[in-house]
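Scroll down for the structure; my scribbles are underneath it.
Protein chains: 2
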Amino acid sequence: MNYINGGVTAPKGFTASGIHCGIRKNQTKKDLAMIKSEVKCTAAAVYTQNKVYGAPITVTRENISDGFAQAVIVNSGNANTCNSDGVEKAKLMCEIASEALDVASTDVIVASTGVIGMTLDVTPIANSAKELAGQMSHDGGHDAAEAIMTTDTISKECAVELELGGKNVTIGACCKGSGMIHPNMATMLCFMTTDCAISSDMLQKALSSVVCDTFNMISVDGDTSTNDMVSIMANGKAENPVIDSENDDYKAFCEALMSVSVKLSKLIAGDGEGAQRLLECTVKGAPEIQTAKSIAKSIICSSLVKTAMFGADANWGRILCAIGYTPGEFSVDTIDVYLSSCKGTVKVCEKGYGIEFSEEKAKEILLEDAISLLIEMNQGQCEATAWGCDLTYDYVKINGDYRT
Amino acid sequence: MNYINGGVTAPKGFTASGIHCGIRKNQTKKDLAMIKSEVKCTAAAVYTQNKVYGAPITVTRENISDGFAQAVIVNSGNANTCNSDGVEKAKLMCEIASEALDVASTDVIVASTGVIGMTLDVTPIANSAKELAGQMSHDGGHDAAEAIMTTDTISKECAVELELGGKNVTIGACCKGSGMIHPNMATMLCFMTTDCAISSDMLQKALSSVVCDTFNMISVDGDTSTNDMVSIMANGKAENPVIDSENDDYKAFCEALMSVSVKLSKLIAGDGEGAQRLLECTVKGAPEIQTAKSIAKSIICSSLVKTAMFGADANWGRILCAIGYTPGEFSVDTIDVYLSSCKGTVKVCEKGYGIEFSEEKAKEILLEDAISLLIEMNQGQCEATAWGCDLTYDYVKINGDYRT
Numbered sequence: 206m207n208y209i210n211g212g213v214t215a216p217k218g219f220t221a222s223g224i225h226c227g228i229r230k231n232q233t234k235k236d237l238a239m240i241k242s243e244v245k246c247t248a249a250a251v252y253t254q255n256k257v258y259g260a261p262i263t264v265t266r267e268n269i270s271d272g273f274a275q276a277v278i279v280n281s282g283n284a285n286t287c288n289s290d291g292v293e294k295a296k297l298m299c300e301i302a303s304e305a306l307d308v309a310s311t312d313v314i315v316a317s318t319g320v321i322g323m324t325l326d327v328t329p330i331a332n333s334a335k336e337l338a339g340q341m342s343h344d345g346g347h348d349a350a351e352a353i354m355t356t357d358t359i360s361k362e363c364a365v366e367l368e369l370g371g372k373n374v375t376i377g378a379c380c381k382g383s384g385m386i387h388p389n390m391a392t393m394l395c396f397m398t399t400d401c402a403i404s405s406d407m408l409q410k411a412l413s414s415v416v417c418d419t420f421n422m423i424s425v426d427g428d429t430s431t432n433d434m435v436s437i438m439a440n441g442k443a444e445n446p447v448i449d450s451e452n453d454d455y456k457a458f459c460e461a462l463m464s465v466s467v468k469l470s471k472l473i474a475g476d477g478e479g480a481q482r483l484l485e486c487t488v489k490g491a492p493e494i495q496t497a498k499s500i501a502k503s504i505i506c507s508s509l510v511k512t513a514m515f516g517a518d519a520n521w522g523r524i525l526c527a528i529g530y531t532p533g534e535f536s537v538d539t540i541d542v543y544l545s546s547c548k549g550t551v552k553v554c555e556k557g558y559g560i561e562f563s564e565e566k567a568k569e570i571l572l573e574d575a576i577s578l579l580i581e582m583n584q585g586q587c588e589a590t591a592w593g594c595d596l597t598y599d600y601v602k603i604n605g606d607y608r609t
Numbered sequence: 206m207n208y209i210n211g212g213v214t215a216p217k218g219f220t221a222s223g224i225h226c227g228i229r230k231n232q233t234k235k236d237l238a239m240i241k242s243e244v245k246c247t248a249a250a251v252y253t254q255n256k257v258y259g260a261p262i263t264v265t266r267e268n269i270s271d272g273f274a275q276a277v278i279v280n281s282g283n284a285n286t287c288n289s290d291g292v293e294k295a296k297l298m299c300e301i302a303s304e305a306l307d308v309a310s311t312d313v314i315v316a317s318t319g320v321i322g323m324t325l326d327v328t329p330i331a332n333s334a335k336e337l338a339g340q341m342s343h344d345g346g347h348d349a350a351e352a353i354m355t356t357d358t359i360s361k362e363c364a365v366e367l368e369l370g371g372k373n374v375t376i377g378a379c380c381k382g383s384g385m386i387h388p389n390m391a392t393m394l395c396f397m398t399t400d401c402a403i404s405s406d407m408l409q410k411a412l413s414s415v416v417c418d419t420f421n422m423i424s425v426d427g428d429t430s431t432n433d434m435v436s437i438m439a440n441g442k443a444e445n446p447v448i449d450s451e452n453d454d455y456k457a458f459c460e461a462l463m464s465v466s467v468k469l470s471k472l473i474a475g476d477g478e479g480a481q482r483l484l485e486c487t488v489k490g491a492p493e494i495q496t497a498k499s500i501a502k503s504i505i506c507s508s509l510v511k512t513a514m515f516g517a518d519a520n521w522g523r524i525l526c527a528i529g530y531t532p533g534e535f536s537v538d539t540i541d542v543y544l545s546s547c548k549g550t551v552k553v554c555e556k557g558y559g560i561e562f563s564e565e566k567a568k569e570i571l572l573e574d575a576i577s578l579l580i581e582m583n584q585g586q587c588e589a590t591a592w593g594c595d596l597t598y599d600y601v602k603i604n605g606d607y608r609t
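Structure, rendered in structure tokens:
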């Protein structure tokens, strides 16, 4: 398996584009994207577990229930959530895409991201759909990735290729993150495409299992969004033997999908609102996998750990504190803690107690852009990793006046 | 029941004082306090549920296990937690207090607050204990309240009086909060005193029930500290008929204790690290009390709600989002949301959907120091309140370099 350049249009048979249609006031920011496959695809998705969920999720869930889709329409600038006419508007977006792209409206995946509770005006979408459709190309994945950004500072794309049954199979994806990021069963908008031939059932199974260990292990601010969604469309253009059981090809496909998801998860965490540093927390030697996951998430979610990382301060007591309030059955008196980055590794805590370490070396390590916190529990064989970011002035600034 | 001036020395028979002994570098900040009753007291306490807990908690739990105590010694500047010699040092502090105050060392409540994982030097405590003991007086409650502050910007005291069996009974308290505040069964250091005659069992029962609805309903930053503790000592000097069952006097005592705890909880939340505003969230009409509590806490813990309040931005979609990710069985389509302060009330959401409201009026309301968020669920009779604060630049500043 190799990483290659590109995103959602890297696999065969997909086109995409993005445009400024007018939902966002800033005319330099794209706010509408569409993705299309030449042929109908098997499709799968996972959604937010928030009880308050966006109208686009209601409509996408319905459209995808038969296991097929052919296109995506997505806007930024307005989440179309908590609006009494939300479902109606989301369906209208599917019809606009249907007409512009010549696909069935029930084969459209629809998504929205932005402010919650503001009525969505679909007029700019209707007015720009034809222009957008006319621009769609095999090189348009990047424009689509740009159009789904909100407070993201970089667009996020990834593509890999692998060989299955002698055929070259490609997976591509774009996603957005930034704030309100604490996914539960999905993350804030990720669209994946592949030319792999794979059944809807196997596609859903692969996606669900990968999401649990990747997108669901990110947190920027502990707030699970109302509009999280990861979707994937597979159009079979690679002409590999159709994957319809958990055979070796399925495993290879899952592994490739995992690589894409890990890369995008790290991109989302590292580009969290206001973030200066990516935090990666790995918990090893845990008695249960769920304990490892919970502890890793507690640590990367702790405001005090996050602010300490912002200050490049080796205040490891806050890490122990976050471990201590994690639910679950485990003891704290066998736990070792290490801080690490490309500048080296320093052990700061042994068997739950502080030990002597060089503050100077720790500072040097923590001043890097990507920091690893390694927790060795010495209580079993289970391991998990979570990704987050530091908590900075800019997070407060961005969210203190998000709507204005 | 009336609020009166004063704190822990308001009840009969208690003396206290606070001093700078040298644990903290800043000589203008007091860092050691002692509280003493003339006679032995019934005593009760609740502690952090964090699996990592401070050595002082181990020692206090042991000392108080017989239901009696007579004095408190507490330092700020060092939490004496995650230190291999922590218990030894905490016991040494009890012995220092024992000698200076002429009480049994096993009748001492010991507490520490400050940095985790830094070895505690007890020399400054030993050297200053006599001087501190010499200063203790019936007016010294305020000095004690000052000595337990860390990043608190105001000292926090409260006292009430009530009549029980024809006798005047007083309850006094001091506490500290600020950061790492998300108490679970207790909060970061609160010491209560009373001259009420009450058995240890009834005192523990009263304290435990009050704490659940007050200190456990605060959050500043979601981080449950390792050193949370609320203790109370009752010396019987009021000469009321001893409370040893759940009679009317017990109920009146609980009510008074509740008033003290609510007031202190609001002081802690409003003085959260970096906070500009106190947030009070009341959930009414919930199907279960636990649901009401969980939703109220979700809202005041949400980084996005907290930053919106910092910006006085009526971004109510974030409130709905936080309601939506709260665990529990409830629906969102009957929920109304109101924003309120001394400047008035505005309804922003009805039955889960946004409604028209005056942004100008909402801004005026949210610019106040104390904001109420009222959630009317219309699904039952249960109600709960939680207290928090906004998330500001100063929170990040304070915690980015706490140790330096």
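Top to bottom, those sequences are chains A and B.
Going by this note's numbering, the first sequence opens with residue 206, and the numbers climb by one from there.
Going by this note's numbering, the second sequence opens with residue 206, and the numbers climb by one from there.
A virtual CB, placed ideally from N, CA and C, is assigned to each residue, including glycine.
Every value quoted in this text rests on a predicted model; they were computed, and no experiment measured them.
Would you mind telling me which residues of chain B sit closer than 8 angstroms to Cys526(A), beta carbon to beta carbon, in chain order? Taking the beta carbon of Cys526(A) as reference, the chain B residues within 8 angstroms of it are Asn255, Val257, Ile321, Met385, Asp428, Thr429, Ser430, Thr431, listed in sequence order.
Taking only runs of the alpha helix (DSSP H) that begin and end inside the region 527 to 588 of chain B, which ones reach a length of at least 4 residues, in chain order? Listed in chain order, the complete alpha helix (DSSP H) runs (minimum 4 residues) inside the region 527 to 588 of chain B are 564 to 571.
Can you give me, in chain order, the residues of the region 505 to 518 of chain B that have a beta carbon less than 7 angstroms from any beta carbon in chain E? Given the protein chain composition of this structure (A and B), no chain E is represented.
Residue from Lys381(A), Val315(A), Ala338(A) with nearest C-alpha to Gly259(A): Of the candidates Lys381(A), Val315(A), Ala338(A), the one whose C-alpha sits nearest the C-alpha of Gly259(A) is Val315(A).
Given a threshold of 16 other Cβ atoms within 10 Å of its Cβ, counted over all protein chains shown, does Ser342(A) qualify as buried or as exposed? Around the C-beta of Ser342(A), fewer than 16 other C-beta atoms lie within 10 Å, and the residue is accordingly described as exposed.
Please state if the CB of Val279(A) and the CB of Ala238(A) are separated by a distance shorter than 7 angstroms. At the C-beta level, Ala238(A) and Val279(A) come within 7 angstroms of one another.
Residues of chain B with CB closer than 7 angstroms to the CB of Asn604(A), please, in chain order. Result: Leu509, Thr512, Ala513.
Is the CB-CB distance between Val365(B) and Tyr208(B) below 7 angstroms? Yes.
Keeping to the same chain, check which residues put their C-beta closer than 8 angstroms to that of Leu525(B); ignore five residues upstream and five downstream. Cβ-Cβ distances below 8 angstroms link Leu525(B) to Val537, Ile540, Val542, Cys554, Gly557 in the same chain, with the five nearest sequence neighbours on each side left out; the list follows chain order.
Interface partners of Ala596(A) on chain B, CB under 7 angstroms: The residue you asked about is not Ala; residue 596(A) is Leu in the sequence shown. By Cβ distance, chain B contributes Val601.
Beta carbon of Ala575(B), beta carbon of Ala519(B): below 7 angstroms? No. Outside cutoff.
DSSP has Ala316(A) in a bridge; who is on the other side? Paired residue(s): Val279(A).
Any residues in the region 219 to 249 of chain B with a beta carbon nearer than 8 angstroms to a beta carbon of chain A? Which ones, in chain order? Against chain A - using a Cβ distance shorter than 8 angstroms - the region 219 to 249 of chain B contributes no residues.
Any Cβ of chain B within less than 7 angstroms of the Cβ of Tyr558(A)? Yes, Tyr558(A) counts as interfacial toward chain B.
Would Ser546(B) pass as an interface residue toward chain A - the criterion being a Cβ-Cβ separation below 7 angstroms? Taking a beta-carbon distance threshold of 7 angstroms, Ser546(B) does not count as an interface residue toward chain A.
Can you list the residues of chain B that Trp521(A) reaches, using a CB-CB cut of under 9 angstroms? Those within 9 angstroms of Trp521(A) in chain B are Cys287, Ile321, Gly322.
Name the residue from Ile504(B), Lys372(B), Glu534(B) whose alpha carbon lies nearest to the alpha carbon of Asp595(B). Looking at the Cα atoms, Ile504(B) is the closest of the given residues.
Closer than 6 angstroms: Ser317(A) CB and nearest the ligand MN heavy atom: Looking at this structure, you won't find the ligand MN or any other ligand, since it has none at all.
From Ala349(A), Asp453(A), Leu369(A), residue whose alpha carbon lies closest to that of Ser360(A): Of Ala349(A), Asp453(A), Leu369(A), the residue nearest in Cα terms is Ala349(A).
Would Tyr252(B) count as contacting chain A if we go by Cβ distances under 7 angstroms? So, not an interface residue.
Leu571(B) classed as buried or exposed, judged by whether at least 16 other C-beta atoms fall within 10 angstroms: Counting Cβ neighbours within 10 Å, Leu571(B) comes out buried, since at least 16 surround it.
Which chain A residues sit within Cβ distance under 8 angstroms of Gly282(B)? Listed by position along chain A, the residues whose Cβ is nearer than 8 angstroms to that of Gly282(B) form an empty set, because the closest Cβ is around 14 angstroms away.
Using 7 angstroms as the limit for Cβ to Cβ distance, is Gly529(A) near chain B? At a cut-off of 7 angstroms between C-beta atoms, Gly529(A) counts as an interface residue with respect to chain B.
Considering only C-alpha positions, which residue in the set Glu581(B), Gln340(B), Thr328(B), Pro329(B) is nearest to Pro492(B)? Distances from the alpha-carbon of Pro492(B) to those of Glu581(B), Gln340(B), Thr328(B), Pro329(B) put Glu581(B) closest.
Val327(B) CB to nearest chain A CB: under 7 angstroms? Under the 7 angstroms criterion on CB atoms, Val327(B) is classed as non-interfacial with respect to chain A.
Can you tell me which of the three DSSP states Ala334(A) falls into? In the three-state scheme derived from DSSP, where H, G and I count as helix and E and B as strand, Ala334(A) is classed as helix.
Positions along the region 304 to 316 of chain A whose CB lies within less than 7 angstroms of some CB in chain B: Taking 7 angstroms as the Cβ-Cβ cut-off against chain B, none of the residues of the region 304 to 316 of chain A qualify.
Could you check what DSSP says for Gly490(B) in three-state terms: helix, strand or coil? The three-state secondary structure of Gly490(B), taken from DSSP, is strand.
Within the continuous beta strand (DSSP E) that includes Lys372(B), where are the two ends? It spans 372 to 380 - the beta strand (DSSP E) in which Lys372(B) sits, taken as one unbroken run.
Between the Cα of Glu569(A) and those of Asn452(A), Lys294(A), Gly549(A), spot the shortest distance and give me the residue it belongs to. Comparing C-alpha distances from Glu569(A) to each of Asn452(A), Lys294(A), Gly549(A) shows the shortest one belongs to Gly549(A).
Straight-line gap, Ala295(B) to Asn445(B) (C-alpha atoms, nearest Å): The alpha-carbon atoms of Ala295(B) and Asn445(B) are separated by roughly 35 angstroms.
In chain order, each beta strand (DSSP E) run of at least 3 residues that lies wholly inside the region 471 to 524 of chain A: Listed in chain order, they are 483 to 491.
I'd like the span of the beta strand (DSSP E) that includes Tyr617(A), first residue to last. The displayed coordinates of chain A run from 206 to 609. Any statement about residue 617(A) would go beyond what the structure contains.
The region 207 to 225 of chain A / the region 365 to 383 of chain A touching (three or more Cβ pairs under 8 angstroms): Yes: the two stretches touch, three or more of their Cβ pairs being nearer than 8 angstroms.
Whether or not the region 424 to 443 of chain B and the region 470 to 482 of chain B are in contact is what I'm after, with contact meaning three or more pairs of Cβ atoms, one per stretch, closer than 8 angstroms; do they touch? Between the region 470 to 482 of chain B and the region 424 to 443 of chain B there are three or more C-beta pairs closer than 8 angstroms, enough to call the two in contact.
Counting only Cβ pairs nearer than 7 angstroms, list the residues of chain A close to Val537(B). Chain-ordered, the chain A residues with CB closer than 7 angstroms to the CB of Val537(B) read Lys256, Val257.
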